[in-house]
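Residue 30 in the working numbering is what sits at position 29 of the sequence shown, and the numbering runs on without skipping anything. We treat Cβ as the ideally placed atom computed from N, Cα and C, and that holds for glycine. Take a look at the structure below.
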Amino acid sequence: MKVRVDELVCEANAVCTGLAPEVFELDDDDRLLVVLPEPPAEMLDRVRHAVRSCPKAALSLEDE
Numbered sequence: 002m003k004v005r006v007d008e009l010v011c012e013a014n015a016v017c018t019g020l021a022p023e024v025f026e027l028d029d030d031d032r033l034l035v036v037l038p039e040p041p042a043e044m045l046d047r048v049r050h051a052v053r054s055c056p057k058a059a060l061s062l063e064d065e
């Protein structure tokens, strides 16, 4: 599974960074970075929760 962010939609609300900080972080310019784009299986539940919790629906989790 691969995590993607739609940078045109993301408002850097940082909900995802609180739910899965190993996967998401904000840079100094408040842009969302996916630092672990292919999280291991044991993290997928938290990543799915972060994706569903995005207030702008800017995140997706896709099969490769």
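Using a threshold of 7 Å, is the CB atom of GLU26 nearer than that to any non-hydrogen atom of the ligand FAD?
Absent from the structure shown: the ligand FAD. Ligands present: none.
Kindly indicate the opening and closing residues of the alpha helix (DSSP H) around LEU45.
45-54
Taking only runs that begin and end inside the segment 2-32, name each unbroken alpha helix (DSSP H) of 4 or more residues, in chain order.
16-20
Taking C-beta to C-beta, are ALA15 and ALA51 nearer than 8 Å?
no
Between the alpha carbons of THR18 and VAL48, how many angstroms are there, rounded?
10 Å
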